[in-house]
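Comments concern the structure below.
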Amino acid sequence: MATQPILSLKNVGVSYTHNAGFLKKSSYWALEDVSLELFKGQTLGVIGRNGAGKSTLLKLLANIIDPDRGTITRNHGSATMLSLQLGFLPALTGRQNAILSGLLMGFTRKHMEQLLPEIIDFADLQEFIDEPIRTYSTGMKARLGFSVAMQASPDLLLIDEVLGVGDRVFQEKSGSVLRKLIQSNKSVVLVSHQMETIRNMCDTVVWIDNHSTRRFGPAAEVIRDYLSTGAKPTSKQIT
Amino acid sequence: MLLKQYLDLITYKVYADLQAEASRTYLSFLWWVIEPIMYMAVFYVVFGLLFKRGDGPEYIPFLLTGLTLWKWFDASVRAGASSIHANSYLMRQINLPKVIFPLIAIAQTTLRSGLVLILLLGFLELAGPGISPTYAALPVLLLVQFLLICACAFALAATVPFIPDISQLIGNVMVLLMFLSGIFFSGKTIPEQYQTYFYMNPMATLLESYRDILLYNAWPDWGRVTVIAVLSAIFLFFITRIIFRLDKVYPKVLP
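Chains B and H supply the protein sequences, listed in that same order.
Residue numbering for the first sequence follows numbering that gives the first Met the number 0, starting at 0 and increasing by one per position.
Residue numbering for the second sequence follows numbering that gives the first Met the number 0, starting at 0 and increasing by one per position.
Here it is, written out as structure tokens:
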């Protein structure tokens, strides 16, 4: 192999322990045996049924949790999940929430203040940006959340089923921005139940079944196998 | 510039949370003054008027000094204790050093208590003995208490996610500690054989030191204050290391 993968998982497992009554603990493996590789600039799709462990996998890749077995090798810089409305507080204004969200994503305050005009413009919230967001409609909050989240530019971007938010017009606008981002030379991991999206955007796909890697390979092949084994795709899953 | 980012985050989050809290009520930030005054008035009515503790008008500065600085400790430890637990939704989405959560909580309660402390100093100037040279020790005592607060709050913040039952105990333990810290009485009035145990409580020693410097123009017992500072600093160092080591564990144990 000519180049090194920026991310490689070998037989990785994650177990959760939770209280199961008085002084009783029980543990289960949210991920049992997952292996995959990601190269720079590639987009990796993650598919599988609900409860297969896809969200746990994203948390692992975002460096939020550590594996309990197996090894992860990272050769990338920052990795963050695309989180909409991260840390938003209803009593704060749109401007304050945007700054707070950006600070949580790891920007400095100065940097966020420079980005603000662009964020406000994209979210189309000029008149409302200094109002508390509890007065916003769901759509306005979604627009602001998306515009802020789009400013995040980690080396590895992790996306969990958020392609297009808000009303029809903004859905198209946000969807196209996100698509452009994914198709650019950025390394992306994309979790989706929409096979069309995965087929169009991803180079490789990992199919997580029963907490383990069932198949990992070129997108077209894995999707074909996934669809043919009767694992019915839920075409419009909103999580 | 990782440190700069986190400092920005902490200061902005403190400011934002305080503002969010203020915007919830009509009197907004006036509550930060009204609420502690009401709290002190309750204790003044019960212990100053009904029980007739202490002798005459000198009891009010004595009581208020103890209450003001106790309330800083009490509010900070309570807020810090639940801070990591309360931010589970954030840490599930982004990798942050968890130690910033108790820091944010303590910074907020400290700012609010600072406001009350300024009021107290104003009151002592008008109704108490006023400024004396021993006031110079005040910043030192405040710093030592801050270390103690951080040590206690960090330890609880680190443990509550694993044993949530602790948060049920904190309220009652704090009430017990309040009565054992000599807010309503002076440690010198209790039987001599118990005094050693009484002053093992760091807050009892600190509150007496504050009264020495603010009310009696006397220097505190520096030996005891140094012991509190050193032990708090050592404890804080280790508990901070533990929180860093558990950084990736908290998102897993919290629901």
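Every residue gets a Cβ at the ideal spot worked out from N, C-alpha and C, and that includes glycine.
Flag this pair as yes or no: are the beta carbons of glutamine 41(B) and valine 187(B) separated by less than 9 Å? yes
Could you tell me whether the Cβ of isoleucine 5(B) comes closer than 9 Å to any Cβ of chain H? no
Report all residues from its chain with a CB closer than 7 Å to the CB of threonine 256(H); omit the five preceding and five following residues, and keep chain order. Not covered by the structure: residue 256(H). The range shown for chain H is 0 to 254.
Between aspartate 129(B) and chain H, is the shortest Cβ-Cβ distance under 9 Å, so that the two count as touching? no
Establish whether the CB of serine 143(H) and some CB of chain B are separated by less than 9 Å. Sequence inspection shows valine at residue 143(H); the serine mentioned does not correspond to that position. Closer than 9 Å: no.
Cross-chain neighbours of methionine 149(B) in chain H, by beta carbon under 9 Å: Correct list: empty, because the minimum Cβ distance to chain H is about 16 Å.
Between tyrosine 135(B) and chain H, is any beta-carbon pair separated by less than 9 Å? no
Alpha carbon to alpha carbon, what distance is there between asparagine 184(B) and serine 166(H)? 48 Å
Grab the span of the beta strand (DSSP E) containing proline 138(H) for me, first residue to last. Per DSSP, proline 138(H) belongs to no beta strand (DSSP E); it is in the alpha helix (DSSP H), 137–158.
List the residues that DSSP assigns as beta-bridge partners of aspartate 208(B). Ser211(B)
Go to leucine 119(H), then tell me how far its beta strand (DSSP E) extends in each direction, as first and last residue. Where leucine 119(H) is concerned, there is no enclosing beta strand (DSSP E), although the alpha helix (DSSP H) it sits in stretches over 99–126.
How is lysine 9(B) classed by DSSP in three states: helix, strand or coil? strand
C-beta contact flag for valine 11(B) and serine 34(B) at 9 Å: yes
If we define contact as Cβ-Cβ less than 9 Å, is serine 175(B) a contact residue for chain H? no
Limits of the unbroken beta strand (DSSP E) element including leucine 95(H): Per DSSP, leucine 95(H) belongs to no beta strand (DSSP E) and is neither H nor E.
Less than 8 Å between the CB atoms is what I'm expecting for leucine 63(H) and methionine 37(H), so what's the real figure, rounded? Incorrect: roughly 13 Å between the Cβ atoms, too far for contact.
Using CA coordinates, which residue listed in Thr195(H), Leu235(H), Ile162(H) is at the minimum distance from glycine 20(B)? Ile162(H)
Buried or exposed: glutamine 125(B), going by 16 or more other Cβ atoms within 10 Å of its Cβ? exposed
Give the residues of chain H in contact with asparagine 62(B), contact being defined as C-beta atoms less than 9 Å apart. Asn94, Lys247
If you drop the 5 nearest sequence neighbours on each side, which residues of the same chain put their C-beta closer than 6 Å to that of aspartate 224(B)? Arg214
Classify asparagine 96(B) as buried or exposed, calling it buried when 16 or more other Cβ atoms lie within 10 Å of its own Cβ. buried
Which first and last residues belong to the alpha helix (DSSP H) in which valine 147(B) is found? 137–148
Might you give, ordered along the chain, the residues of its own chain that have their beta carbon closer than 8 Å to the beta carbon of asparagine 74(B), omitting 5 neighbours on each side? Gln3, Pro4, Ile5, Leu6
What number of angstroms, rounded off, separates the C-alpha of leucine 180(B) from the C-alpha of alanine 151(B)? 11 Å
Excluding the 5 residues flanking serine 14(B) on each side, which residues of the same chain have their C-beta closer than 6 Å to its C-beta? Ser26, Trp28, Asp67
Would you say isoleucine 197(B) and isoleucine 64(B) are within 9 Å of each other, going by their C-beta atoms? no
Using a C-beta to C-beta distance shorter than 8 Å, which residues of chain H count as neighbours of serine 82(B)? Gln92, Ile93
Just the C-alpha distance for glycine 186(H) and valine 13(H), rounded to the nearest angstrom, thanks. 36 Å
Short of 6 Å in beta carbon distance, which residues of its chain neighbour lysine 235(B), apart from the five on each side in sequence? Order them along the chain. Unreliable positioning characterises lysine 235(B) in this predicted model, as indicated by a pLDDT of 44, which lies under 50. The coordinate reading is nonetheless provided below. Counting only Cβ-Cβ distances below 6 Å, and skipping sequence neighbours, we find nothing.
For chain H, check one thing: does any of its Cβ atoms lie closer than 9 Å to the Cβ of threonine 203(B)? no
Note down the Cα distance separating proline 217(B) from lysine 39(B), rounded to an integer number of angstroms. 15 Å
Considering only DSSP beta bridges, list what isoleucine 188(B) is partnered with. This sequence places valine at residue 188(B); isoleucine is not what is there. Partner(s): Leu43(B), Leu157(B).
Using three-state DSSP, classify tryptophan 218(H) as helix, strand or coil. coil
Under 8 Å between beta-carbons, which chain H residues line up against glutamine 113(B)? List them in chain order, please. Here the premise fails: no neighbours, minimum Cβ distance about 14 Å.
Which value, in whole angstroms, describes the spacing of the CA atoms of leucine 155(H) and valine 32(H)? 27 Å
How far does the beta strand (DSSP E) with tyrosine 27(B) in it reach, from first residue to last? 24–37
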